[in-house]
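Okay, structure first, notes after.
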Amino acid sequence: MGARRSNQSTQTLRLSPRQSNTAESAAKPHVPSYAQHVLLPRKLFQTSSTSSAGLFSGLLIYACLAWIFINFSLNYDNGSNGALIGVPVPTSSYATAEADHRSLRHRNTNTTRRATSPIEKNSQPLPANYFQLSPSPNQSNNSSSTNNNSHPWSWPIIHIVNTRFMQGQGTLTSLARSRLKLLEVVTLPSLMKQSIFDYATLADVYKDTIWEDEIMQLNATQMSEERNVDPIFLWIIKVDPNLDKIILDELRLVLEPVKHFTIVVGSNTNYGIGTKPGGWRGGEAGRDILNAYDTGRVFFPLRDDHSDDACHNMLRRAHDAREDRVILETRLDADDALNIDYFWTLQYEALWKLIPDIYNYDDDAQVDNQSISGDGDDDDAIQTARWLYWCPNTHVQWNPSTSDASDNPGMLQVFKMPDVCVTAGLTLGFAVGTNEENVPRYSHTAIYWEITVHHLSNATSNNTRSQAMESFNDIHDCGLYPSSQCAVFVVDPRVSAFRSRTMTSAGMHNIETKGAPSLESDEEYMLFSDKLWEHTIEDHFGILTEQAKEAAKFMTANYLDTVRDNLKGQCTHGHSCKVSSMEKLQRTIDILEEEAGGFVVH
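If you read the sequence shown in the UniProt record's numbering, its first letter stands for residue 1, the second for the next number, and so on.
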């Protein structure tokens, strides 16, 4: 990693080891309950004393934090060098609260992370035509990359976003329409508004790299019409091959604005992140889609659309270049969203942590030997990884089915989960030369435990690298030492993911009967939720509050039929088969059928 970027790396993303690898690693893995991790605003105001001094201190904290929250936390600050979502962080004193506030507003002040606010109104998007970046020293264009296309893949990274929609449930139309509404209102805008589409943001990703000069030439005003640019990421949506035709037409209509980077494939076979091997690097995922082209199972773009041939060639380029580029595979369910800065973080980190020797040295550059961990230890020389996992550290959950009297689209609850990888935004990265079999596969609930805690069999926290290598073996081998650094918990953007918790969910996690959240919220948190809906959710996830309201009303109007379909869809191939989920769904059906006038039933 280049010297100028090593400090930024540790400030934007903290590589994981939060525990010493001693007796704790002998314990069984524990998945904590959400109740332990919800960020409740009232915790900010708790005091340890009931004296008058304690009461005064508590009131002072309340007043100061209220001022901070109203004036800063819910507004994007152009000087903050990053998107900040207003999430209170538990603290016990005014001093720590103020220090934490300063760290939130002014984090990464030594970096040039962003030159623009999220998606400026007048910013120029990337052109939809082609621009060839030179490969890195470790990324040669082999013969297979040019057999079927006159140009190889445009970027040093092939970034695949995998989404499943109604697989194995193609005839459940009520469930499909509710899920499609969530995809349209939640998932689609968060991808369409990713800040990496902004030219200034993209230029910042490649700043100080060997590609910097070429990126500077990418400005849309300097491009000719004949040149093409491959998508910065590809959105692959797998649907049931027998998906209802009307639903499929509605899906195509929803996806029309993003057809330049989206492919809908009729397939119930999934690759990418998960416990099973196989993905883009190994070629299985690409071949599955190319075979779908041959058998007429690519449902979007349409065959009679001129973009179809271009899309097929683009896919072929991505498949052929899979061994010559860094591969990122991101998981995103069809009812979840990602912070609009999330792909900025992933691709920036992938460049500097998965590709060696990309620093664009100049004569005046001051180069040091600072390591990724930032401690300057000579024994910790600059490291690049062979593979990495990324997980959101904090996410927000939306329950649109809550029946509170507020005028917002539903309850929002923010969870900080530093020891569990949620599925929304879970990403696996492969460096050039890393094969599928080189990467350990775990369920999303086990990644933290297996990689960041239970990675050493005989560890001591004070060993140097050379001492450690002589005394014990690291279970994993991602190229970083210790291998706890192989799982990155993303803390910038501060809240990375947005998860819908509705009765359309197969697993029904953190959802109770009639769609109520498992954790009740007091009036204070409801006010906090109202504030987030005012503009913060739109600013940082692209989700429009009015559209979210419409989605909540739509699902309410179709509630009973949706829940019935969800119950039918339980235990189908690739979906949850939990007794608790089926019991919740059945109880909801029983209640709704007994209620008079509570829901519009079709």
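The beta-carbon is built from N, C-alpha and C at its ideal position, and this holds for glycine as well.
query: Where I447 sits in the DSSP three-state scheme; result: helix
query: I289 vs L251 beta-carbon contact at 8 Å; result: no
query: Proximity of P156 and V326 at Cβ, strictly below 8 Å; result: yes
query: Opposing strand residues paired with N399 [DSSP bridges]; result: M411
query: Bridge partner(s) assigned by DSSP for A497; result: L338, H395
query: 8 Å Cβ cutoff met for L354 and G425; result: no
query: Boundaries (first-last residue) of the alpha helix (DSSP H) holding K238; result: Taken as a continuous stretch (DSSP letters only), K238 belongs to no alpha helix (DSSP H), being part of the beta strand (DSSP E) at 234-239.
query: Same chain only: Cβ atoms within 6 Å of T163, ignoring 5 sequence neighbours per side; result: I237, L332, A334
query: C212 versus H151: straight-line alpha-carbon distance, rounded; result: It is Glu, not Cys, that sits at residue 212 in the sequence shown. Distance between the alpha carbons of E212 and H151 is about 20 Å.
query: For A487, the nearest candidate out of H444, G542, T171 (CA to CA); result: H444
query: Any 3 or more C-beta pairs closer than 8 Å across the stretch 255-264 and the stretch 283-300; result: yes
query: Helix, strand or coil at F300 according to DSSP, with G and I counted as helix; result: strand
query: Under 8 Å between C-beta atoms of residue 620 and F489; result: Since the first residue shown for the chain is 1 and the last is 602, residue 620 is missing from the structure and cannot be characterised.
query: Residues bridged to N162 (per DSSP); result: I236, R331
query: Top-ranked residue by Cα proximity to T269, from A292, T434, L255; result: A292
query: Buried versus exposed, by CB contacts within 10 Å (16 or more), L44; result: Note that L44 has pLDDT 27, beneath the 50 cutoff, so the model's placement of it is unreliable and the number below is only indicative. Buried, because 16 or more other Cβ atoms sit within 10 Å of the Cβ of L44.
query: For G283: DSSP bridge partner residues; result: According to DSSP, G283 bridges with nothing at all.
query: Local Cβ density within 10 Å of V435, reported as buried at 16 or more and exposed below that; result: Position check: residue 435 holds Asn in this sequence, whereas Val was assumed. Result: exposed.
query: Nearest residue (CA-CA) to H454, options L428, Y442, S484; result: S484
query: For G283 and A321, the rounded distance between their alpha carbons; result: 10 Å
query: Residue 610 (DSSP reduced to helix, strand or coil); result: Because the chain spans 1 through 602 in this model, residue 610 falls outside it and cannot be assessed.
query: Alpha-carbon spacing of I451 relative to P277, whole angstroms; result: 17 Å
query: Alpha carbon of residue 623 to alpha carbon of A350, nearest angstrom; result: A question about residue 623 goes unanswered here, because the residues of the chain that appear run from 1 up to 602.
query: Among F541, Q383, P440, S529, the one whose alpha carbon lies nearest that of P400; result: S529
query: Delimiting residues of the beta strand (DSSP E) encompassing L428; result: 427-430
query: Counted within 10 angstroms of its Cβ, other Cβ atoms place H395 as buried (16 or more) or exposed; result: buried
query: Buried versus exposed, by CB contacts within 10 Å (16 or more), R287; result: exposed
query: For K416, the residue or residues it bridges with in DSSP; result: T394
query: Reduced DSSP category for L185 - H, G, I as helix; E, B as strand; rest coil; result: Strictly speaking, residue 185 in this sequence is Val, with Leu absent from that position. The answer is helix: DSSP assigns V185 an H, G or I state.
query: Classification of N458 by the beta-carbon crowding that lies within 10 angstroms, buried from 16 upward; result: Residue placement at N458 is flagged as unreliable, the pLDDT there being 49, under the threshold of 50; a coordinate-derived value is accordingly withheld.
query: Buried/exposed call for residue 617, threshold 16 Cβ in 10 Å; result: Examination of residue 617 is not possible in this model, given that the chain is present from 1 through 602 alone.
query: Assigned secondary structure, R441 (DSSP; H/G/I helix, E/B strand, else coil); result: coil
query: Cα-Cα separation, F343 to P482; result: 26 Å
query: 8 Å contact criterion, which R317 and D230 should meet: CB distance rounded; result: 7 Å
query: Spatial distance of N438 from R179 (CA atoms); result: 36 Å
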